[in-house]
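Report on the following structure.
2 protein chains.
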Amino acid sequence: MGEKLKTKDKILTVATEIFYNKGFNGARMQEIANLANVNKAALHYYFSSKQELFEVVLLNSFKNLFISFDKVVNSNMPIIEKIDVIIEKYLDFIKTNTQNIKFILNEIENNLAFIQKNMETNSMKVKFFDEIFEELHLEMEKGTIKKINPNHLLINIISMCIFPFIAKPLIMEITQFSQEEIQHFFDEQENFIKKFVHNALQQKRE
Amino acid sequence: MGEKLKTKDKILTVATEIFYNKGFNGARMQEIANLANVNKAALHYYFSSKQELFEVVLLNSFKNLFISFDKVVNSNMPIIEKIDVIIEKYLDFIKTNTQNIKFILNEIENNLAFIQKNMETNSMKVKFFDEIFEELHLEMEKGTIKKINPNHLLINIISMCIFPFIAKPLIMEITQFSQEEIQHFFDEQENFIKKFVHNALQQKRE
DNA sequence: TAATATTTTAACCATTTGGTTAAATCGATT
DNA sequence: AATCGATTTAACCAAATGGTTAAAATATTA
Chain A
389 MGEKLKTKDK ILTVATEIFY NKGFNGARMQ EIANLANVNK AALHYYFSSK
439 QELFEVVLLN SFKNLFISFD KVVNSNMPII EKIDVIIEKY LDFIKTNTQN
489 IKFILNEIEN NLAFIQKNME TNSMKVKFFD EIFEELHLEM EKGTIKKINP
539 NHLLINIISM CIFPFIAKPL IMEITQFSQE EIQHFFDEQE NFIKKFVHNA
589 LQQKRE
Chain B
389 MGEKLKTKDK ILTVATEIFY NKGFNGARMQ EIANLANVNK AALHYYFSSK
439 QELFEVVLLN SFKNLFISFD KVVNSNMPII EKIDVIIEKY LDFIKTNTQN
489 IKFILNEIEN NLAFIQKNME TNSMKVKFFD EIFEELHLEM EKGTIKKINP
539 NHLLINIISM CIFPFIAKPL IMEITQFSQE EIQHFFDEQE NFIKKFVHNA
589 LQQKRE
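These protein sequences, in sequence, are chains A and B. The first sequence begins at 389 in this note's numbering and counts up one residue at a time. The second sequence begins at 389 in this note's numbering and counts up one residue at a time.
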């Protein structure tokens, strides 16, 4: 017991790693089998085809994304602090899941139908966005923060949190940053984004 | 004359399209040959291998990126307006070159050595960053704009301009935006980013 | 322990894929 | 028109790849 799933789990773990790094087309069943210490036939015993194995990995990857973003905030702290928490959560997630996001961004277009089907059946809806939207609208009505489009606010926050990680190799190539410089950049990024957003949200003092 | 390069150009155009959409691993020489209306052997007549053809496409792709970003601004308009122009240029570029950027982001890691070698020999250095950095520092000294880290400012501007295009399919899946809603988002995005940045840069009135 | 179901293996197979070769065709120059 | 180099083609090839099969090994259960 418990041991039964060992091989299957091992295969899935290895497959995830390989698919994340090489994508569907770059992944080789043989390499997955080798790294999982099983025969290629064992792969097909647990997963009928490369496509099926891939889809399991893709779906897990998506679930992972949604779990992390769901219900980020539900306390009754001030809106500005809440946004700070959102920024922290996004940065936390991307730091340890860069490959996960890259993988999804790369593979989503070729698998839209599959994803849509399984998003529905697994009822992975994002209430998070709706909730924070509503709250932002409320606070704007109250005059706590400036009136800006919440869609833009949230998507641009996500952009600033995620893109530098996705584009790290390109950024390093273009800027010729040293390892220390890029490290310093990422260390400072959280505070920069927070201030950036505060400036956009805070009412000017009258 | 001029006709001589026709076939080679046709191959390159088609190869670019295929490599952009499917990456190195997903691209098939046969498909490139078919779309270019030539035999597969003709491909190898002009490009010795898939790798070589790929590298030509990759290098062109990189040059394209650098040409677009080089010398964005050199007039003597106020710094804030200059930043606006930069935002416009980035958005213009990404609108028509989404696949180009995605391709580079995906393939850069596996081809770092090649890119570095050819960046040097082709002396594709980006003076743009240095110049605008210097100017930002100057204006901060003068007190025209707030003192913030130019690295962060520029990279975050780029993030906001580029990421939504890269992540459009994912955003649509998560937000369940309709076609009109997403269109509206992209239409408004330019002004949003500009205001966002202005707020971050403008000195509070005393 | 014998019987049964689960898991793993080695040896194959068909197809795809990048690449080659030698001959044929086309184009310009003389 | 004859010549010579550039271009294109058809027919192949070896290696890689996803997948299959039947038998062996390992657990599980009666």
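Each residue gets a CB set at the ideal place from its N, CA and C atoms; glycine is no exception.
Closest option to Met-528/B, judged by alpha-carbon separation, among Pro-466/B, Ser-547/B, Cys-549/B and Phe-584/B: Pro-466/B. One alpha carbon belongs to Asn-539/B, the other to Ile-546/A, and they sit about 18 angstroms apart. DSSP places Gln-577/A in the helix class (H, G or I) of the three-state scheme. When C-beta atoms of the region 431 to 441 of chain A are compared with those of the region 472 to 486 of chain A, fewer than three pairs fall below 8 angstroms, so the two segments do not count as touching. Within chain B, the residues Ser-547, Met-548, Phe-551 and Pro-552 have their CB atoms less than 7 angstroms from the CB of Ser-547/A, given in chain order. Taking all protein chains in view, the Cβ of Asn-587/A is crowded by 16 or more other Cβ atoms within 10 Å, so the residue is classified as buried. For Gln-487/A, none of the residues of chain B pass the 7 angstroms Cβ criterion, the least Cβ distance being about 11 angstroms.
Under the 10 Å beta carbon count, Gln-564/B is surrounded by fewer than 16 other beta carbons and is classified as exposed.
Residue contact with chain A for Phe-481/B: absent (no Cβ-Cβ distance below 7 angstroms to any residue of chain A).
By the Cβ test, the region 516 to 523 of chain A is not in contact with the region 570 to 588 of chain A, since fewer than three Cβ pairs between them sit closer than 8 angstroms. Bridge partners of Gln-487/A according to DSSP: none are assigned.
Listed along chain B, the residues sitting closer than 9 angstroms to Gln-577/A by beta-carbon distance are His-540, Ile-543 and Asn-544.
Within the same chain, Phe-407 and Phe-412 come within 7 angstroms of Phe-442/A by CB-CB distance, once the 5 residues on both sides are set aside. DSSP, reduced to helix, strand and coil, places Ile-533/A within a strand of the structure shown. Proximity of chain B to Gly-411/A at the Cβ level (cut-off 9 angstroms) is accounted for by Gly-411, Asn-413, Gly-414 and Asn-494, in chain order. Using a Cβ-Cβ distance cut-off of 8 angstroms, the region 445 to 455 of chain A and the region 495 to 504 of chain A are in contact, since at least three pairs of beta carbons, one from each stretch, lie closer than that value. Per the C-alpha coordinates, the member of Thr-484/A, Ile-475/A, Ile-559/A and Asn-464/A positioned closest to Glu-497/B is Ile-559/A.
Residue range 538 to 554 is occupied by the alpha helix (DSSP H) that includes Ser-547/A.
Under DSSP, Gln-590/A takes part in a beta bridge, and its partners are Ile-533/A. Proximity of Ala-588/A to chain B, defined by a Cβ-Cβ separation below 7 angstroms, is satisfied. At a Cβ-Cβ threshold of 7 angstroms, Thr-486/A and Phe-553/A count as neighbours.
Annotation: Cβ neighbours of Pro-557/B in chain A (cutoff 9 angstroms, chain order): Leu-493, Ile-496, Glu-497 and Leu-500.
Of all residues in the region 528 to 539 of chain A, the ones placed with a Cβ closer than 8 angstroms to any Cβ belonging to chain B are Ile-536, Asn-537 and Asn-539, in chain order. Boundaries of the alpha helix (DSSP H) harbouring Ile-406/B: 394 to 414, taken from the DSSP string.
Taking 8 angstroms as the upper bound for CB-CB distance, Ile-533/A and Leu-589/A are in contact here, some 4 angstroms apart.
For Asn-422/B, the uninterrupted alpha helix (DSSP H) run begins and ends at 417 to 423, by DSSP. Rounded to whole angstroms, the gap between the alpha carbons of Asn-544/A and Glu-469/A is 17 angstroms. With at least 16 other beta carbons inside 10 angstroms of its own, Val-585/A counts as buried. A straight-line Cα-Cα distance of about 55 angstroms links Ala-429/A and Asn-537/B.
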